[in-house]
Amino acid sequence: FRRNPGEVEFHQAVNEVFESLAPLTDRHPEYTDAAILQRICEPERQIIFRVPWVDDAGNVQINRGFRVEFNSALGPFKGGLRFHPSVYLGIVKFLGFEQIFKNALTGMPIGGGKGGSDFDPRGKSDAEVMRFCQSFMTELYRHIGEYTDVPAGDIGVGGREIGYLFGQYKRITNRYESGVLTGKGIGWGGSLVRPEATGYGAVLFAQEMLKTRGRSFDGQRVVVSGSGNVAINAIAKAQTLGATVVAASDSAGYIVDEAGIDVDLLRQIKEIERGRISEYAERRGSAVSYVAAGSVWDVNATVALPCATQNELDDKQAARLIENGLAAVAEGANMPCTAEATALFHEAGILFGPGKAANAGGVATSALEMQQNASRDAWTFEHTEQRLAEIMVGIHDDCAATAEEYGMPGNYVAGANISGFKKVADAMLALGVI
Ligand code: NDP
13 FRRNPGEVEF
23 HQAVNEVFES
33 LAPLTDRHPE
43 YTDAAILQRI
53 CEPERQIIFR
63 VPWVDDAGNV
73 QINRGFRVEF
83 NSALGPFKGG
93 LRFHPSVYLG
103 IVKFLGFEQI
113 FKNALTGMPI
123 GGGKGGSDFD
133 PRGKSDAEVM
143 RFCQSFMTEL
153 YRHIGEYTDV
163 PAGDIGVGGR
173 EIGYLFGQYK
183 RITNRYESGV
193 LTGKGIGWGG
203 SLVRPEATGY
213 GAVLFAQEML
223 KTRGRSFDGQ
233 RVVVSGSGNV
243 AINAIAKAQT
253 LGATVVAASD
263 SAGYIVDEAG
273 IDVDLLRQIK
283 EIERGRISEY
293 AERRGSAVSY
303 VAAGSVWDVN
313 ATVALPCATQ
323 NELDDKQAAR
333 LIENGLAAVA
343 EGANMPCTAE
353 ATALFHEAGI
363 LFGPGKAANA
373 GGVATSALEM
383 QQNASRDAWT
393 FEHTEQRLAE
403 IMVGIHDDCA
413 ATAEEYGMPG
423 NYVAGANISG
433 FKKVADAMLA
443 LGVI
């Protein structure tokens, strides 16, 4: 902690992993002997840079850019870029740290990293977003590559931003190196199913958890937080499986639509018009309510899918949800439940899928995009979705079996942390002290 002052989210993420590891390190003293725990907390490389750009009014703006290359024992660094005003080193490191174990759980040859900027794309014109992305890539390009470090999207970075970033990378390097970024558009090296993958994957993971109690999504009352990429696709998948998703949110408030959210309308407002969720209530009519500034976790659910941001669901909200019949939680976002909320879910016997397992479908499909780029191929939607489904079932079963093996049956947090850590630690041991 003294070495990384003020990085509270990073400390929280490290604590959450290390609390699970005692049964593993007891059985494997070689990890302690080789200082794997200390080494795994120290990024291989951290890059912090100035991002100057000119806004539409002609004013010079300055943001800060980050790329934390955390661990490449299993493959090139891999993880998204987040553009949000809250971004600072502690957030990037928490996300990069989580990414190491998540990527290991996918079984794909990818290491862990994360990056981003305190730039806020909301309210900016397309031209401003393009100039920012070009400036950001003008520094980042020298650090990344298909065999080195492969960024993707995250909060505030979707297809538009990846396009501008890829365009500038191609221009500076004079290489059409498709595999340097994932989340690309379908017409220029992207993979079908990548946009849907994180949200779909979280629902598939939840479905596997529900099956262990003889239940399914059919008839569940679902609440989703956020209304971005992960949230919208989680809503779509849950409703395809027979659930009714009654609420969703953005950072300004939430909507309740007891009839089930109209996904096409939500996509139109959020993805095409880049509008606010309040507009959904205005257009859908009086049956839908909009609550400004409240928490979507005040709405009762049998399945909760937090898909917005870190630490958005606390112990008070967890206790209320449990009291009102909650059966399962799958984290579409990274670390959306506080440590206290997670503890309450475990005490109450609620099925709980942690983000590093439940939302791994996005990065797994990014690895499938890299495979398609490397072989200059383009797979069908059905084939790619089938691969995603197999990967999610595999991650679920791996976490469940590992939790069982280490004496904590049903504890997916312990299963994910132990299994992910073990894969990375074994590779680090094999590669020597580097
Ligand atoms: P988007 O930018 O597409 O959407 C984010 C959503 O969350 C928006 O509705 C946004 O509302 C809301 N939100 C963001 N920050 C806050 C905040 N501080 N308080 C309240 N609401 C907030 O991002 P994604 O859907 O891509 O990412 C969502 C989560 O999923 C993140 O935790 C991300 O790390 C994680 N994730 C994403 C993956 C992906 O493939 N995209 C892969 C794995 C994990 P508003 O528009 O008002 O800001």
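Residues in the sequence shown are numbered from 13 upward in steps of one, following full-length UniProt numbering. Beta carbons: idealized from backbone N, C-alpha and C, even for Gly.
The DSSP-derived three-state label of Ser190 is helix. The continuous stretches of beta strand (DSSP E) do not include Asn423, and DSSP gives it neither H nor E. Distances taken from the Cβ of Ile167 to the heavy atoms of the ligand NDP include one shorter than 7 Å. Going by beta carbons, Tyr43 and Ala437 fall inside the 8 Å limit. The DSSP-derived three-state label of Ser129 is strand. By the criterion of a C-beta distance shorter than 8 Å, Tyr153 is surrounded in its chain by Gln180, Tyr181, Ile184 and Thr185, once the five residues flanking it on both sides are discounted. Distance from the CA atom of Leu380 to the CA atom of Gln251, rounded to whole angstroms, is 26 Å. Taking 8 Å as the cut-off, the Cβ atoms of Cys411 and Ala369 count as close. Per DSSP, the continuous alpha helix (DSSP H) segment holding Thr396 begins and ends at Phe393 to Glu417. If you check the CB distance, Asn245 and Thr210 come in under 8 Å. In this structure, Tyr266 places its C-beta atom within 8 Å of the C-beta atom of Ala259. An exposed status is given to Gln50, since fewer than 16 other beta-carbon atoms sit within 10 Å of its beta-carbon. Under the three-state reduction of DSSP, Gly287 is assigned to coil, being neither helix nor strand. Distance from Phe95 to Gly128 at the Cβ level is roughly 6 Å; contact confirmed, criterion being Cβ atoms closer than 8 Å. Asp138 sits in a helix when the DSSP states are folded into three classes.
Not one heavy atom of the ligand NDP lies closer than 7 Å to the C-beta of Gly125. Uninterrupted beta strand (DSSP E) stretches at least 3 residues long and entirely within the segment 296 to 341 occur at 301 to 304 and 315 to 318, given in chain order.
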